[in-house]
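Q: Protein chains in written order, with numbering that gives the first Met the number 0: chain A, 0 to 86; chain B, 0 to 758. All C-beta atoms in this analysis are idealised placements derived from N, C-alpha and C, irrespective of residue type, glycine included.
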Amino acid sequence: MPTVFIPSLLRKYTSGQESLVVPGRTVGEVVRNLDEKYPGFRNQVVEGDDLKSSLAVSVDGDLAVGGLLEQVRESSEIHFVPAIGGG
Amino acid sequence: MDTPQTQQFKIIGTRPVRHDGLDKVIGRAKYGADYAFPGMLYGKVLRSTLAHARIKSINAEKALRLPGVKAVVTHADFAPQTTAPVYRMGGEAAINPLYLACNILSKDKVLFVGHGVAAVAATSPHIAEEALALIEVEYEPLPMVLDLLEAMKPGAPILNPDVRRKSAPDEQTNIAGEFQFKRGDIEAGFKAADIIVEREFRTEMVHQGYIEPPNALGIFPGDGHATVYTSTQGPFDVRIMSATLLGLPEGSVKVIPAEIGGGFGAKLTVHIEPIALLLSKASGGRPVKMVMTRTEMMRGATGPTSGSILKVKMGAMKEGKIVAAKAWFAYEAGAFPGSPVWLGCFTGLSPYNIENFLVDGYDVLINKPKTTSYRAPGATNAAFAVECVVDELAQRCGMDPLDLRIKNASREGTASVMGPKFPRIGFVEVCEAIKNSDHYRTPLAQVPGKYRGRGVATGFWINGGMQSSAIVNVHADGTASLVTGSVDIGGSRASTAMVVAEVLGLRAEDVRPAVADTDSIGYTDGTGGSRVAFATGLAAYQAAHDVVRQLKERAAKIWEITAEDVDWTDGKAISRKNGVAPLSLKELAPRLTRTGGPVTGRANVYATGVGPSFAGCLVDVEIDPETAKVQVLRCTVVQDVGKAIHPSYVEGQMQGGTVQGLGWALNEEYVYDEKGTLRNASFLDYRMPTCLDLPMIDPVIVEVANPGHPLGVRGVGEVSIVPPPAAVANAVSMAVGTRITDLPVSPPRLFKVLSAKRG
Chain A
0 MPTVFIPSLL
10 RKYTSGQESL
20 VVPGRTVGEV
30 VRNLDEKYPG
40 FRNQVVEGDD
50 LKSSLAVSVD
60 GDLAVGGLLE
70 QVRESSEIHF
80 VPAIGGG
Chain B
0 MDTPQTQQFK
10 IIGTRPVRHD
20 GLDKVIGRAK
30 YGADYAFPGM
40 LYGKVLRSTL
50 AHARIKSINA
60 EKALRLPGVK
70 AVVTHADFAP
80 QTTAPVYRMG
90 GEAAINPLYL
100 ACNILSKDKV
110 LFVGHGVAAV
120 AATSPHIAEE
130 ALALIEVEYE
140 PLPMVLDLLE
150 AMKPGAPILN
160 PDVRRKSAPD
170 EQTNIAGEFQ
180 FKRGDIEAGF
190 KAADIIVERE
200 FRTEMVHQGY
210 IEPPNALGIF
220 PGDGHATVYT
230 STQGPFDVRI
240 MSATLLGLPE
250 GSVKVIPAEI
260 GGGFGAKLTV
270 HIEPIALLLS
280 KASGGRPVKM
290 VMTRTEMMRG
300 ATGPTSGSIL
310 KVKMGAMKEG
320 KIVAAKAWFA
330 YEAGAFPGSP
340 VWLGCFTGLS
350 PYNIENFLVD
360 GYDVLINKPK
370 TTSYRAPGAT
380 NAAFAVECVV
390 DELAQRCGMD
400 PLDLRIKNAS
410 REGTASVMGP
420 KFPRIGFVEV
430 CEAIKNSDHY
440 RTPLAQVPGK
450 YRGRGVATGF
460 WINGGMQSSA
470 IVNVHADGTA
480 SLVTGSVDIG
490 GSRASTAMVV
500 AEVLGLRAED
510 VRPAVADTDS
520 IGYTDGTGGS
530 RVAFATGLAA
540 YQAAHDVVRQ
550 LKERAAKIWE
560 ITAEDVDWTD
570 GKAISRKNGV
580 APLSLKELAP
590 RLTRTGGPVT
600 GRANVYATGV
610 GPSFAGCLVD
620 VEIDPETAKV
630 QVLRCTVVQD
640 VGKAIHPSYV
650 EGQMQGGTVQ
660 GLGWALNEEY
670 VYDEKGTLRN
680 ASFLDYRMPT
690 CLDLPMIDPV
700 IVEVANPGHP
710 LGVRGVGEVS
720 IVPPPAAVAN
730 AVSMAVGTRI
740 TDLPVSPPRL
750 FKVLSAKRG
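#1: Who are residue 327/B's beta bridge partners in DSSP?
#2: Starting from the beta carbon of residue 41/B, find every residue of chain A whose beta carbon is closer than 7 Å, and list them in chain order.
#3: What are the boundary residues of the beta strand (DSSP E) that residue 602/B is part of?
#4: Using a Cβ-Cβ cut-off of 7 Å (strictly less than) and excluding sequence neighbours within five positions of residue 51/A, which residues of its own chain qualify?
#5: I need the straight-line Cα distance from residue 293/B to residue 64/B, nearest angstrom please.
#6: What residues from chain A crowd round residue 180/B, counting only those whose CB sits closer than 7 Å?
#7: In terms of residue numbering, what span does the alpha helix (DSSP H) encompassing residue 732/B cover?
#8: According to DSSP, which residues form a beta bridge with residue 54/A?
#9: Please list, in chain order, the chain A residues whose beta carbon lies closer than 8 Å to that of residue 93/B.
#10: Could you tell me whether the segment 590 to 609 of chain B touches the segment 548 to 564 of chain B, where touching means 3 or more Cβ pairs closer than 8 Å?
#11: At a CB-CB cut-off below 7 Å, which residues of chain A make contact with residue 347/B?
#12: What residues of chain A sit near residue 607/B, judged by a beta carbon separation below 9 Å?
#13: Pick out the complete beta strand (DSSP E) segments inside the segment 74 to 128 of chain B, 3 residues or longer, and give them in chain order.
#14: Which runs of the alpha helix (DSSP H) at least 4 residues long sit entirely within the segment 510 to 589 of chain B? Give them in chain order.
#15: Is the beta carbon of residue 118/B less than 7 Å from the beta carbon of residue 38/B?
#16: Helix, strand or coil: how does DSSP classify residue 36/A here?
#17: Strictly by DSSP, which residues pair up with residue 195/B?
#18: When you compare the CB of residue 624/B with every CB in chain A, is at least one pair closer than 7 Å?
#19: Does the CB of residue 256/B have a neighbour CB from chain A at under 7 Å?
#20: Show which residues of chain B have a CB atom less than 9 Å away from the CB atom of residue 57/A.
#21: Give the single residue among 678/B, 663/B, 651/B, 417/B whose Cα lies nearest to the Cα of residue 77/A.
#22: Would you please state the rounded distance, in angstroms, between the beta carbons of residue 32/B and residue 311/B? I believe it to be under 8 Å.
#23: Closer than 9 Å, Cβ to any Cβ of chain E: which residues of the segment 451 to 470 of chain B, in chain order?
#24: Kindly indicate the opening and closing residues of the alpha helix (DSSP H) around residue 433/B.
#25: In three-state DSSP terms, what is residue 739/B?
#26: By Cβ distance, which residues of its chain are closer than 8 Å to residue 90/B, with the 5 residues on each side in sequence left out?
#27: Taking 6 Å as the cut-off, is the beta-carbon of residue 518/B closer than that to any non-hydrogen atom of the ligand FMN?
#28: Restricting to Cα atoms, I'd like to know which of 244/B, 369/B, 378/B is closest to residue 309/B.
#29: Could you check the C-alpha separation between residue 411/B and residue 359/B for me, to the nearest Å?
#30: Please tell me whether residue 709/B has its Cβ less than 7 Å away from any Cβ of chain A.
#31: When DSSP labels each residue in this structure, what does residue 154/B get in the three-state scheme?
#32: On the DSSP bridge list, what partners appear for residue 218/B?
#33: For residue 80/A, collect the residues of the same chain with a Cβ closer than 6 Å to its Cβ; drop the 5 residues on either side in sequence, then sort them by chain order.
#34: Going by DSSP, name the residue or residues bridged to residue 167/B.
#35: Below 8 Å, how does it come out for the segment 364 to 380 of chain B and the segment 200 to 215 of chain B: are there three or more Cβ pairs, yes or no?
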């Protein structure tokens, strides 16, 4: 099952867990499943039907361009990161 | 199949003359301020002279009575806005439309000196300026805060009463954002450390210093369609932002990007474009041209980058292994939220593989202009602090500073500070290239009566991918044109054209690159984040391969075989079947008409596989003990670029970023008076380095191919600005024997250090 790494400031929603193994075939499904165990987490990362505007998601080290729709594998590592900017 | 590491190229890696060079040299290139239309009006903005005040009333009656004045607009003329995010950069970044509108023209409060209050359109720029003086604004002055630490304290003057910390939702605050990255056991790490270095650093607000002031020419006849000519890094950003502020559908605004005279991140947002459109609409659809003065640009209408306070503590074992790091970063956001502090939090420690760390970052409102991006935003501040502490750790461990970096270097598979693991990166190779450079191997000679020192520092930048579109048209004469949506700010027309030439087997000069307006090309994110050569280059590569696919079909038709039996090798279609002579593009192009008509290749990409960049800077300095002036004697910049498509422009980026970093290190800073007015709002007083101040910057290209790109390309535009401030500070520290912690290391600051040392 994919491993979700919890951002430091959101660990209060996962009882302090730094990472969790959560079932799911897409990022969105993983977030929904995680929210079932730790209610409130989804609201911290999702707004409407997309990621919050301040966030991006990385799957296996690469930016997940599909956001919540991004497919994940059994061995995938999922990180929520701030949305990028640049100069 | 060739991998990015093993590919051999014919065009990539060569140094052809840039396609846009002649136009720029002879003055034919058209910049934003060069556009003019019959009946055109001139727009000017009335700006606040107070740093913090409530606007009680705005009376424009006298201004409107002045002959030649056609319109006056204020914030109230924008469509009503909320704080609900509007997405840009393909959904990867969002704007707060209320803050954006309020920053351009203040709604009910002015928040910094230079904040826009109202705008005028008139038949000449002089009449417009005269009219500004006739607009009567009644202010209620409010207490202001100009110091970062003071702004963070409870009881500080509050800029935005709606801002709250998540941890204290009932208290007003200027802390608009908090970030944290944490791993391992920080206390255990420091407990185990043999050596601990802890210091506090400070940097001042600095400007990007682009030569061409922001400009816009807006045409909005009121028929629902608006057109903007502007100097911008992001035409599609201008489109969504202008449409949002005017209450128009995104597709009804057409943005025509002009040539650009520098931007460095500041021109990824709108400054006056929506005002030009408002004024055009209010004056019956007449074109309205606006060009900022240098003072407007500097004083805050465009956004410099953050000043910061940076506290860094690092612990290492005697043999140089870093076992713990703690960082506390506070960045000035300016008048509205959005400093790049989180990028500082992410980038500062990421070059190092540290088991235990804690990084906290704060985005702080202050009565200074809203900050905006500046080349590797946020990274330079953080690296200044971290790299100075790393240097001191090396000194305390008795190690070569590069050996300490190599010992602790992040490598492929190391988890970055944000968590995701690095792909193949070239940080170690960068450090080794510095060690092997002639500069590093040549001892620094001391001279009597002067202080001399050598400093080294490294830096990291994440780089961007995002969305790009490209079209390649094949012409009957055997040449091709390349159309993209990426404004060319650093030679990207040449590099993307070279990619197409490589694939199609043409000379670089046989591919004519062009930058299209927002109606003429698919969505393309802005020229920022060092993404264009990578992502638009990828789109160009794929579009060229789309052409190849079609050319193989045409050759198959001519040879009366199937396309599957045609290869494309070395720029030629080759039959696997009947031994006929290969056909090059130049030979196929005249036969397109009889084989199916025109050939156009296209590609739209959302690029993944971004390759992060690392750079290093080695600098020798000499200090005059009498004047405390720091003179850079020698400077070498080393950077992992993945694959240098056009080495001259890559070197230019490396040198340019280094020069900006040296300016940040040596002299550049915003100097405010007690009323919150910027006192050095011109290039005469805002002291950027000139060619007379610096030696030749020696670039050393390192090529560790990015496996995420078919040509091995990494972004190259930004990372070279990151190391120089720390490198200079380390060099000056070595020279004078006192650790430098504040930027810039200007004569007044350094004189105090030298005086204290002399007692």
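A: Let's see:
#1: Here residue 327/B refers to the residue found at position 328 when the second sequence is read from its first residue. For residue 327/B, which the question treats as bridged, DSSP gives the partners 310/B, 359/B.
#2: Translated into the one-based positions of the second sequence, residue 41/B becomes position 42. Taking a Cβ-Cβ cut-off of 7 Å, residue 41/B has no neighbours in chain A, whose nearest Cβ is about 30 Å from it.
#3: Stepping through the second sequence from its first residue, residue 602/B is reached at position 603. Judged by DSSP secondary structure, residue 602/B falls within the beta strand (DSSP E) whose first and last residues are 599 to 606.
#4: The residue labelled residue 51/A in the question sits at position 52 within the first sequence. In its chain, beyond the 5 residues on either side, 44, 45 have a beta carbon closer than 7 Å to the beta carbon of residue 51/A.
#5: As a position in the second sequence, residue 293/B is number 294, starting the count at 1. As a position in the second sequence, residue 64/B is number 65, starting the count at 1. Looking at the two C-alpha atoms, the distance is approximately 29 Å.
#6: Within the second sequence, residue 180/B is the residue found at index 181, counting from 1. Result: 7.
#7: The residue you call residue 732/B lines up with position 733 of the second sequence. Under the DSSP assignment, residue 732/B falls in the alpha helix (DSSP H) whose first and last residues are 723 to 735.
#8: The residue labelled residue 54/A in the question sits at position 55 within the first sequence. BP columns for residue 54/A point to 81/A.
#9: Position 94 of the second sequence, counting from 1, holds the residue named residue 93/B. Per Cβ cutoff of 8 Å: 52, 53, 82.
#10: Taking a contact to require three or more Cβ pairs closer than 8 Å, the segment 590 to 609 of chain B and the segment 548 to 564 of chain B qualify as touching.
#11: For the purposes of this step, residue 347/B is taken as residue 348 along the second sequence, with counting starting at 1. Against residue 347/B, chain A offers no close residue; the least beta-carbon distance is about 14 Å (beta-carbon pairs closer than 7 Å).
#12: Here the question's residue 607/B lines up with position 608 in the second sequence. Those within 9 Å of residue 607/B in chain A are 61, 62, 63, 64.
#13: DSSP runs (the beta strand (DSSP E)) wholly in the segment 74 to 128 of chain B: 85 to 87, 92 to 94, 115 to 121.
#14: DSSP runs (the alpha helix (DSSP H)) wholly in the segment 510 to 589 of chain B: 536 to 558, 584 to 587.
#15: Residue numbering aside, residue 118/B sits at position 119 when the second sequence is read from its first letter. Residue numbering aside, residue 38/B sits at position 39 when the second sequence is read from its first letter. No, these two residues do not count as a Cβ contact at 7 Å.
#16: As a first step, residue 36/A must be located in the first sequence, where it is residue number 37. Helix at residue 36/A.
#17: Taking the first residue of the second sequence as 1, we reach residue 195/B at position 196. Answer is 314/B.
#18: As a first step, residue 624/B is located in the second sequence; it is residue number 625 there, counting from the start. Chain A contact via Cβ: absent.
#19: Counted from its first residue, the second sequence places residue 256/B at position 257. It does not: the Cβ of residue 256/B has no partner Cβ on chain A nearer than 7 Å.
#20: Taking the first residue of the first sequence as 1, we reach residue 57/A at position 58. 417, 418, 419, listed in chain order.
#21: Stepping through the first sequence from its first residue, residue 77/A is reached at position 78. Of the listed residues, the one whose Cα sits closest to residue 77/A is 417/B.
#22: Within the second sequence, the letter at position 33 stands for residue 32/B. Within the second sequence, the letter at position 312 stands for residue 311/B. Your pair residue 32/B and residue 311/B does not check out as a contact, with CB atoms roughly 43 Å apart and the cut at 8 Å.
#23: No chain E is part of this structure, whose protein chains are labelled A and B.
#24: Taking the first residue of the second sequence as 1, we reach residue 433/B at position 434. Unbroken alpha helix (DSSP H) run through residue 433/B: 426 to 434.
#25: Taking the second sequence and counting its residues from 1, one reaches residue 739/B at position 740. Under the three-state reduction of DSSP output, residue 739/B falls in the coil class, being neither helix nor strand.
#26: The residue you call residue 90/B lines up with position 91 of the second sequence. In this prediction, residue 90/B scores a pLDDT of 48, lower than 50, which makes its location untrustworthy; the coordinate-derived value is nonetheless stated afterwards. For residue 90/B, same chain residues with a beta-carbon under 8 Å away, outside a window of 5 residues either side, do not exist.
#27: Absence of the ligand FMN from the depicted structure is noted, as is the absence of any ligand whatsoever, leaving it without description.
#28: Translated into positions along the second sequence, residue 309/B becomes position 310. For residue 309/B, the nearest C-alpha among the options comes from 378/B.
#29: In the second sequence, the residue the question calls residue 411/B occupies position 412. In the second sequence, the residue the question calls residue 359/B occupies position 360. Rounded to the nearest angstrom, the two C-alpha atoms are 25 Å apart.
#30: Position 710 of the second sequence, counted from the start, is the residue given in the question as residue 709/B. Not an interface residue.
#31: To locate residue 154/B, count along the second sequence from 1; it is residue 155. Looking at residue 154/B - three-state DSSP - the assignment turns out to be coil, as it is neither helix nor strand.
#32: Counted from its first residue, the second sequence places residue 218/B at position 219. Its beta-bridge partners are 226/B.
#33: Within the first sequence, numbered from 1, the residue matching residue 80/A stands at position 81. Hits under 6 Å: 55, 57.
#34: Working through the second sequence from its first residue, we reach residue 167/B at position 168. Partner(s): 164/B.
#35: The segment 364 to 380 of chain B vs the segment 200 to 215 of chain B: in contact.
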